[in-house]
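K.L.:
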Amino acid sequence: MIEYGLLVLLLPVAAVSGWYAGRRGSARHAGQKVSRLSTTYFRGLNYLLNEQPDKAIEVFLKIAEVDKRTVETQFALGNLFRRRGEVDRAIRVHQNLIARQGLTDEHKSQALLELGEDYMRAGLLDRAETLFCDLVAVSHCAPDALRHLIAIYQQERDWHKAIEHASRLEEVTGESSARMVAQFHCELAEQARIAGRIEEARDQLKSAFEVEANCVRAGLIEGKLDILEGQDAAAIRSLERVARHDPDIIPELLKPLMQAYERREDWHRARAFLAETLERHPGVSVLLALTRLIEREDGADAAIDFLTNQLRRRPSVRGQGALIELSLAKRPQEERDVLLVLRQLCDQLVAGAPAYRCGHCGFGARSHHWQCPSCKNWGTVKPIHGAAGE
Ligand SMILES: [Zn+2]
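Count along the sequence shown from 1, then add 1208; that gives the number in my numbering.
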């Protein structure tokens, strides 16, 4: 993939190089130099466009050698090193920039920001945090420094600090951080729920709902807390509401929801809800839950009929596997061996394909993540629909 961000960063380099050369020498000399630098620069650009970053970096290194005093060239070079994973070299470039005499405040702040990013990339989070904290005080750098700090606190799972800085970012930029802050409260609620601190978990959920009234994750945790406290009717209400609000979350909430129905033995409501959901938002998780319910209430034959009809309308590998499983007991031994091979094939097909994908960066995952492991966005990982997925 071509790095457009990098191209944009490098575009001013040719112009600045030309201007600088022009300022230093005679018109003729400058003309030659501009021409030489421009040719070199465009060769480098060409390598980048052809996705040959190694050759590009050699070319830009040459420009930087000719043009040691131009700050933009050094920034471009440091950036290239970091993107190529040569963090040590990036750190050296940025440290040299910071130590330079006569650097404007703006350039110095920018170099500190870049150095902080180098430290993050190198895993030196403590050093990065110190740098960014200092930069937050400098107003024009505050938003970028705050974004980096929030990233660090997420990585360290320090949700309290993440909340504090996300709120600050909202104050500084005016852009809403609500969805992110709600997720941080949910992380704290989950921690408290798992540790059995129910009251604390409920407080965090309250905060999550305050910033994002329809927070799906908070609704799901609320349902789980209700079950933990034996409030099964409340759990059913909460989880059904979440499912209606965001059908993509249904595969995650079916387990606690079915548990709540079971404890109340409210099979009538369970069946009505699953049938309604299947009609509105067809998916294999709901289909299989309803099939199991039909098997339990009406027997295996009714379940096989129901599942066969549904699979004709909407093929699914997981559904096929479940149908084979249901049919096994009814078949003679020689057919069972064939069916077992088929079921194994279905299992392998399901196991080999990602079941979730991030709508932002395209990252594929086997299980659900609230935060995309690749692009770090919250709430972007959704189930993949279709025969091989949900
Ligand atoms: Zn992503």
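Heads up, the beta-carbon is just placed ideally off N, CA and C, and yes, glycines get one too. Note that the structure is a prediction, hence the values are computed from the model and not measured.
Excluding the five sequence neighbours on either side, which residues of its own chain have a C-beta within less than 6 Å of the C-beta of A1350, listed in chain order?
P.N.:
Here the set comprises V1344 and V1380.
K.L.:
Assign A1563 to one of three DSSP states: helix, strand, or coil.
P.N.:
If DSSP states are grouped into helix, strand and coil, A1563 belongs with coil.
K.L.:
If you run the structure through DSSP and keep just helix, strand and coil, what is G1438?
P.N.:
G1438 falls in the coil class under three-state DSSP.
K.L.:
Does the count of Cβ pairs from the region 1305-1324 and the region 1333-1342 closer than 8 Å reach three?
P.N.:
At 8 Å Cβ cutoff, the stretches touch.
K.L.:
Around ligand 1, which residues pass a check of Cβ closer than 5 Å to any of its heavy atoms?
P.N.:
Output, sorted by chain position: C1566, H1568, C1569, F1571, C1580, S1582 and C1583.
K.L.:
Which runs of the beta strand (DSSP E) spanning at least 3 residues fall entirely within the region 1533-1583, listed in chain order?
P.N.:
Entirely contained in the region 1533-1583, the beta strand (DSSP E) runs reaching 3 residues are, in chain order, 1564-1566.
K.L.:
Determine the DSSP secondary structure at P1459, reduced to helix, strand or coil.
P.N.:
Looking at P1459 - three-state DSSP - the assignment turns out to be helix.
K.L.:
Could you give the uninterrupted runs of the alpha helix (DSSP H) lying entirely in the region 1462-1501, keeping only those of 4 residues or more?
P.N.:
Here the runs fully enclosed are 1475-1488.
K.L.:
Can you round the beta-carbon distance between G1529 and L1515 to whole angstroms, since I take them to be within the 8 Å contact cut?
P.N.:
So it is not a contact: roughly 11 Å between Cβ atoms.
K.L.:
Say whether the region 1280-1294 touches the region 1262-1272, bearing in mind that this needs 3 or more beta-carbon pairs closer than 8 Å, one atom from each stretch.
P.N.:
They touch, by the three-pair rule.
K.L.:
Does DSSP put V1346 in a helix, a strand or coil?
P.N.:
Coil, per DSSP.
K.L.:
With H1393 as the anchor, note down where its alpha helix (DSSP H) starts and where it stops.
P.N.:
Its alpha helix (DSSP H) spans residues A1386 to I1402.
K.L.:
Which same chain residues end up closer than 8 Å to C1583 when comparing Cβ atoms and leaving out the 5 residues on each side of it in sequence?
P.N.:
Excluding sequence neighbours, C1583 sits near C1566, H1568, C1569 and F1571.
K.L.:
Measuring straight from C-alpha to C-alpha, what distance separates A1390 and Q1579?
P.N.:
Using only the alpha carbons, I get a separation of about 12 Å.
K.L.:
Can you tell me which of H1393, E1437, G1438 and I1406 puts its alpha carbon nearest to the alpha carbon of C1423?
P.N.:
Ranking the options by Cα distance to C1423, first place goes to H1393.
K.L.:
Going along the chain, which residues of its own chain have a beta-carbon closer than 6 Å to the beta-carbon of D1262, five neighbours each way excluded?
P.N.:
Nothing meets the Cβ criterion.
K.L.:
So what's A1229 in DSSP terms, helix, strand or just coil?
P.N.:
The predicted position of A1229 is uncertain, since its pLDDT is 44 and thus under 50; a value taken from the coordinates is nonetheless stated next. Helix at A1229.
K.L.:
Report yes if the CB atom of L1447 is closer than 8 Å to the CB atom of I1406, and no otherwise.
P.N.:
No.
K.L.:
Look up P1351 in the DSSP assignment and say whether it is helix, strand or coil.
P.N.:
Looking at P1351 - three-state DSSP - the assignment turns out to be helix.
K.L.:
Label E1395 either buried or exposed according to how many other C-beta atoms from any shown protein chain fall within 10 Å of its C-beta, with 16 as the threshold for buried.
P.N.:
Looking at its Cβ environment, which holds 16 or more other Cβ atoms inside 10 Å, E1395 is buried.
K.L.:
Tell me the DSSP secondary structure of V1589 in three-state form.
P.N.:
If DSSP states are grouped into helix, strand and coil, V1589 belongs with the strands.
K.L.:
Classify A1235: buried if its beta carbon has 16 or more other beta carbons within 10 angstroms, exposed otherwise.
P.N.:
Here A1235 scores only 48 on pLDDT, less than 50, and its place in the model is too uncertain to base an answer on.
K.L.:
Mark E1280 as exposed unless 16 or more other C-beta atoms lie within 10 angstroms of its C-beta, in which case mark it buried.
P.N.:
With 16 or more other Cβ atoms within 10 Å, it is buried.
K.L.:
Just curious, the alpha helix (DSSP H) that D1509 is in, first and last residue?
P.N.:
A1508 to R1521 is the extent of the alpha helix (DSSP H) around D1509.
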